[in-house]
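Heads up: take any position in the sequence shown, counting from 1, add 34, and you land on this note's numbering.
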Amino acid sequence: MVAQRLVEALRARDADGTWRVSLFAEEPRKPYDRVALTSYFSARDAEELTLGDPALWDDPLVTLHRDCAVTSIDREAQTVTDRLGRVHAYDELVLATGSNAARPPIPGNELPGVFVYRTIDDVAALRGWVEEKRRSATTEGGWERPVRGAVIGGGLLGLEAAGALKALGAQATVVQFGTHLMDAQIDLGGGEALKRLINGMGIAVRCDTGTKELRVSRKTGHVGRLDFADGGRLDVDVVVLATGVRPRDELARAAGLAVGERGGAVVDLACRTEDEHVWAVGEVACLEGRCLGLVAPGYAMAEVVVDRLLGGEATFPGADTATKLKLQGVDVASFGDAHGRTEGAMELVWADPVAGVYKKLVLSDDARTLLGGVFVGDAAPYASLRPMLGTELPGDPGLFLLPEGSGGGVPSLELPDDATVCSCNNVSAGTIRSAVTEHACTDLAGVKACTRAGTSCGSCLPLVKKITTTELARAGVEVSNALCEHFDLSRAQLFDAVRVADLHTFSEIVRRFGRGVTAPVDESAATQGAVLVRDAGRGCDICKPTIASILASLGNGHVLDGEQATLQDTNDHVLANMQKDGTYSVVPRIPGGEITPDGLLVIGQVAKDFGLYTKITGGQRIDMFGARIEQLPHIWRRLVEHGFESGHAYGKSLRTVKSCVGSTWCRFGVQDSVGMAVELELRYRGLRSPHKIKLGVSGCARECAEARGKDVGVIATDKGWNVYVGGNGGFTPRHAQLLAEDLDDEALVRTVDRFLMYYVRTADRLQRTAAWVEDHEGGLDAIREVVVEDSLGIGADLDAAMARHVGDYEDEWRAVLEDPEKLRRFGSFVNAPAEPDPDLAYVTERGQIRPARADERAALEEARAAGLATVPAGPVVIAGTTLEVRR
35 MVAQRLVEAL
45 RARDADGTWR
55 VSLFAEEPRK
65 PYDRVALTSY
75 FSARDAEELT
85 LGDPALWDDP
95 LVTLHRDCAV
105 TSIDREAQTV
115 TDRLGRVHAY
125 DELVLATGSN
135 AARPPIPGNE
145 LPGVFVYRTI
155 DDVAALRGWV
165 EEKRRSATTE
175 GGWERPVRGA
185 VIGGGLLGLE
195 AAGALKALGA
205 QATVVQFGTH
215 LMDAQIDLGG
225 GEALKRLING
235 MGIAVRCDTG
245 TKELRVSRKT
255 GHVGRLDFAD
265 GGRLDVDVVV
275 LATGVRPRDE
285 LARAAGLAVG
295 ERGGAVVDLA
305 CRTEDEHVWA
315 VGEVACLEGR
325 CLGLVAPGYA
335 MAEVVVDRLL
345 GGEATFPGAD
355 TATKLKLQGV
365 DVASFGDAHG
375 RTEGAMELVW
385 ADPVAGVYKK
395 LVLSDDARTL
405 LGGVFVGDAA
415 PYASLRPMLG
425 TELPGDPGLF
435 LLPEGSGGGV
445 PSLELPDDAT
455 VCSCNNVSAG
465 TIRSAVTEHA
475 CTDLAGVKAC
485 TRAGTSCGSC
495 LPLVKKITTT
505 ELARAGVEVS
515 NALCEHFDLS
525 RAQLFDAVRV
535 ADLHTFSEIV
545 RRFGRGVTAP
555 VDESAATQGA
565 VLVRDAGRGC
575 DICKPTIASI
585 LASLGNGHVL
595 DGEQATLQDT
605 NDHVLANMQK
615 DGTYSVVPRI
625 PGGEITPDGL
635 LVIGQVAKDF
645 GLYTKITGGQ
655 RIDMFGARIE
665 QLPHIWRRLV
675 EHGFESGHAY
685 GKSLRTVKSC
695 VGSTWCRFGV
705 QDSVGMAVEL
715 ELRYRGLRSP
725 HKIKLGVSGC
735 ARECAEARGK
745 DVGVIATDKG
755 WNVYVGGNGG
765 FTPRHAQLLA
775 EDLDDEALVR
785 TVDRFLMYYV
795 RTADRLQRTA
805 AWVEDHEGGL
815 DAIREVVVED
825 SLGIGADLDA
835 AMARHVGDYE
845 DEWRAVLEDP
855 EKLRRFGSFV
865 NAPAEPDPDL
875 AYVTERGQIR
885 PARADERAAL
895 EEARAAGLAT
905 VPAGPVVIAG
915 TTLEVRR
């Protein structure tokens with residue numbers, strides 16, 4: 035990465051073509067984004083990680099030698115020899131050889147199945163190994179057991195590796211020698227909060243644990259077990275070593291250059307070694323006694339060397355050691371003196387263990403100057419605060435830590451022009467502002483192309499967008515509300531465009547309304563209008579699920595039909611909610627919370643037969659947890675046969691309509707709240723929307739159904755129904771506001787129809803109704819004019835759209851059961867049997883599921899015969915040999 039930056043910067047600044055540069059790469063590919071290496075598991079295309087403009091390598095003054103490592107340096111002759119034996123002369127030589135992943139001196143660290151996590155080839159090998167183990171990990175009874183993975187090292191890379199194992203369908207345990215996770219970046223309090231978040235993802239963590247030996251499995255000849263220094267052990271199928279890196283300084287050593295005590299070619303602040311013609315940048319450079327293992331200081335070194343080659347006097351400006359964990363569902367960031375080691379430093383901490391949030395600011399002894407910070411579970415303040423490092427904070431520092439809605443949240447900061455916003459590329463707030471004011475950039479993509487801000491790790495993008503938007507508004511320029519870089523339209527605009535054009539596939543939509551992603555070829559070409567266009571046909575993680583939602587809202591058929599299946603989010607792919615242990619939950623619809631005794635018996639028997647944990651939800655339904663993917667169709671079939679259907683707990687759609695018992699039973703009830711809740715739920719079931727929606731119906735003003743905490747709340751009065759909208763729970767709970775009052779049944783249904791359909795058509799991506807009402811021009815009053823008074827004349831259109839939804843509804847579970855092609859998606863492996871083995875039992879051992887032993891089966895049968903346990907026809911889980919029947 036650092037070598038690519040050096041070549042790019044040299045060609046951008048050397049307008050006269052003074053220098054010709056050759057880059058020797060050991061890997062067989064162009065320089066790629068190693069920071070985003072984990073994304074290769076999902077991308078599966080190395081080209082997506084390629085750095086910068088590919089046209090750089092077509093420059094006649096640049097030669098890229100791929101798969102061609104340099105093997106020796108002759109400083110006296112000023113030549114290098116490559117692996118093919120060819121000799122190349124140089125005037126100036128830059129070492130950018132980076133680091134190797136460290137292999138700790140643990141016996142067995144070279145066994146098959148033990149991997150490092152450093153290059154695309156490493157990741158590809160790891161993925162291939164896990165996929166092969168998944169294909170072969172079956173018991174003698176034909177049951178597939180999970181692939182057991184361990185990661186030795188609980189730092190940034192170790193946690194990303196654990197997340198990657200989990201994404202590949204393997205179990206993951208992080209083994210950390212230190213007292214807590216990410217101990218180099220965050221303190222003990224943050225480490226404990228991070229551990230809870232990691233555990234919540236279904237990843238086990240063992241801290242204060244030293245690994246004594248990696249032992250071979252006599253059955254496979256591969257790694258099979260970890261033995262720990264405390265006497266513990268862990269059975270494994272794959273191990274990832276993530277215990278740090280070692281600078282690749284072998285060329286420097288062989289050439290007689292000075293190296294640091296812990297390795298690395300020693301350089302001065304100009305990044306020059308003791309040889310005036312040899313430089314070193316990035317992780318191989320030992321500067322002021324240490325090697326810096328982050329991309330930001332490496333990029334800064336590259337810029338220093340380029341400046342020196344062109345006659346400048348630049349020196350290394352210092353290292354920005356800010357870090358941000360890139361693991362989906364876990365928000366962690368730190369910067370500055372995160373451990374509070376500065377003399378006299380004060381620590382201001384906000385901790386909410388229930389919410390999984392830990393935030394800390396390190397301040398000077400007068401509590402004014404920002405020295406550092408740690409954020410776990412909520413890193414929203416990080417982007418704004420990191421550029422303020424070393425400066426005085428405005429107002430009360432505690433306001434930066436308090437959650438939104440409690441009088442806190444990040445106060446508005448006007449960053450000074452010299453504040454660094456993008457540390458990876460050393461881009462200041464002033465540079466971003468000038469991209470808008472001086473270089474006519476009018477959107478985030480333009481600012482990124484002009485300044486390089488946000489083009490590396492991407493953690494600064496929210497702040498870059500905020501500064502860009504503020505500067506555009508200040509200049510009186512209309513701010514773009516484009517959905518993403520592939521569509522200039524907002525979600526609402528795209529919804530209308532797709533509806534009017536009557537398009538039914540992502541391919542049609544992207545061809546009609548999408549655009550390529552453009553970027554200047556280089557600075558000189560940019561002035562001539564030359565651009566590089568990348569195909570937008572594949573879309574991204576923003577536009578694909580958004581379009582999937584739009585098509586579903588417009589009644590485009592089953593979500594797993596044809597091309598639509600490739601657009602869905604994880605849960606929609608399998609019509610069930612994935613849980614932290616990799617299993618799924620099943621939630622049948624129970625309209626209004628009303629259910630017959632027979633229905634309860636069916637759900638209970640299904641849960642019992644499939645060994646599922648049951649839970650009454652807050653929306654008056656029964657959630658069944660612990661189903662494996664191959665069990666889902668069998669569970670659905672049992673439920674569908676008895677009149678149940680999908681509760682859409684997995685989708686951005688209607689979840690539930692909660693009700694009290696109303697006038698049917700309650701002596702205070704004035705309307706039939708149960709009947710109305712059932713009617714509304716059956717009407718809006720399956721309605722796909724920008725975000726999940728929940729309704730509530732209360733039979734009187736006592737509000738037992740908590741209707742004012744719902745997206746749509748209906749409360750009975752003596753005169754009819756009052757309708758409240760825009761309430762919900764979540765991180766920022768909102769009370770719903772009154773939309774209309776004293777409505778009869780027909781007017782109520784029409785009002786809710788129009789409100790929901792208007793929301794579906796005009797809300798932004800992933801925008802809850804509360805935020806939509808607030809952001810809508812004119813607020814609730816304007817929405818009331820449209821929905822109740824039909825001020826836009828679209829009432830009939832909204833009514834017709836809802837009528838089409840009601841008429842076209844089909845149960846998604848039933849549709850899968852009736853379609854053999856869709857059913858194929860729910861096999862655990864290629865040769866899985868069509869029906870599960872009814873005699874197969876499972877036990878839980880150290881958090882992992884395995885088949886029951888013969889003695890356990892016998893003991894269970896004895897317990898059943900004695901009347902101590904009931905054994906259903908399906909799988910049973912026994913806890914050890916204590917015969918506690920869990921499922």
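Here a beta-carbon is modelled for each residue, glycine too, at the ideal position from N, C-alpha and C.
Quick one: grab the DSSP three-state call for Met380.
strand
Residues near Leu85 by beta carbon distance below 7 Å, same chain, minus five either side
Met35, Gln38, Pro65, Tyr66 and Asp67
By Cβ distance, which residues of its chain are closer than 8 Å to Asp706, with the 5 residues on each side in sequence left out?
If you ignore the 5 residues before and after Asp706, its C-beta comes within less than 8 Å of the C-beta of Gly696, Ser697, Thr698 and Gly733, all in its own chain and listed in chain order.
Measuring alpha carbon to alpha carbon, tell me which residue in Glu284, Lys253, Asp125 and Val364 is nearest Leu190.
Selected option, being the one with the closest Cα: Val364.
Within the chosen definition, does the stretch 370-382 reach the stretch 400-411 through at least 3 CB pairs nearer than 8 Å?
yes
Taking the beta carbon of Ile637 as the centre, do at least 16 other beta carbons fall within 10 Å, making it buried, or is it exposed?
buried
Classification of Leu635 by the beta-carbon crowding that lies within 10 angstroms, buried from 16 upward
A residue is called buried once 16 or more other Cβ atoms fall within 10 Å of its Cβ, and Leu635, having fewer, is exposed.
Going by DSSP, what residues sit across from Asp116 in a beta bridge?
The partner list for Asp116 (beta bridge, DSSP) reads Val104.
Return the Cβ separation of Pro625 and Val712 in integer angstroms, given the expectation that the two are a contact with Cβ distance under 8 Å.
4 Å
Inter-residue Cα distance where the pair is Ser251 and Val257:
6 Å
What is the DSSP secondary structure of Glu61, counted as helix, strand or coil?
coil
Output needed for Arg249: all residues of its chain with C-beta closer than 7 Å, excluding positions within five of it in sequence on either side, in chain order.
Gly142, Gly258, Arg259 and Asp261
Compare the Cα-Cα distances from Asp643 to each of Arg623, Trp670 and Glu628 and report the closest residue.
Trp670
Where does Asn515 land, buried or exposed, given buried means 16+ other C-beta within 10 angstroms?
exposed
Based on the DSSP output, what are the partners of Cys518 in its beta bridges?
Phe521
Per the DSSP calculation, Lys394 is bridged to which residue(s)?
Val383 and Val408
In whole angstroms, what is the alpha-carbon distance linking Leu588 and Ala531?
12 Å
I need the DSSP call for Met35, collapsed to helix, strand or coil.
coil
Segment limits, beta strand (DSSP E) that includes Glu317:
Premise fails: Glu317 is in no beta strand (DSSP E) and is neither H nor E.
Mind the definition here: the stretch 465-477 touches the stretch 418-427 only if three or more C-beta pairs lie below 8 Å; say whether that holds.
Note that the stretch 465-477 does not touch the stretch 418-427; fewer than 3 beta-carbon pairs, one per stretch, sit closer than 8 Å.
Using the three-state DSSP reduction, which class does Tyr416 fall into: helix, strand or coil?
In the structure shown, Tyr416 sits in a helix (DSSP, three-state: H, G or I).
Which one of Asp657, Cys700 and Leu326 has the shortest CA to CA distance from Tyr684?
Asp657
CB Asp522 to CB Phe540, shorter than 9 Å?
Taking 9 Å as the cut-off, the beta carbon of Asp522 is found no closer than this to the beta carbon of Phe540.
In whole angstroms, what separates the C-alpha of Glu740 from that of Gly703?
14 Å
Contact under 9 Å by Cβ, Ser368 with Met380
Contact: no.
Within 10 angstroms of the Cβ of Glu557, are there 16 or more other Cβ atoms? Answer buried if so, exposed if not.
Any reading at Glu557 is ruled out, since the residue's pLDDT is 42, under 50, leaving its predicted position unreliable.
What residue range does the alpha helix (DSSP H) around Phe789 cover?
Asp779 to Thr796
Inter-residue Cα distance where the pair is Leu566 and Cys484
Confidence is the limiting factor: at Leu566 the pLDDT is only 38, short of 50, which leaves the residue's position unreliable and the question unanswerable from this model.
Meets three-Cβ-pair contact criterion under 8 Å: the stretch 299-317 and the stretch 190-207:
no
Measure from the alpha carbon of Ile752 to the alpha carbon of each residue in Arg742, Asp778 and Val759, then state which is nearest.
In the sequence on display, residue 752 carries Asp and not Ile. For the residues Arg742, Asp778 and Val759, the minimum Cα distance to Asp752 belongs to Asp778.
Per-residue burial, Pro387 [other beta carbons within 10 Å of its own, 16 or more giving buried]:
By the neighbour-count criterion, in which 16 or more other beta carbons inside 10 Å mark a residue as buried, Pro387 falls on the exposed side.
For Thr307 and Val121, the rounded distance between their alpha carbons:
22 Å
Do you know how far the Cα of Glu295 is from the Cα of Gly323?
8 Å
Decide yes or no for the touch test of the stretch 88-98 against the stretch 281-293: beta carbon pairs closer than 8 Å, at least 3 of them.
no
First and last residue of the uninterrupted beta strand (DSSP E) at Val300:
Val300 -> beta strand (DSSP E) spans Ala299 to Val301.
Nearest CA to the CA of Gly977: which residue from Cys325, Gly212, Val293 and Met235?
Residue 977 falls outside the range modelled here, since the chain spans only 35 to 921, and no answer is possible.
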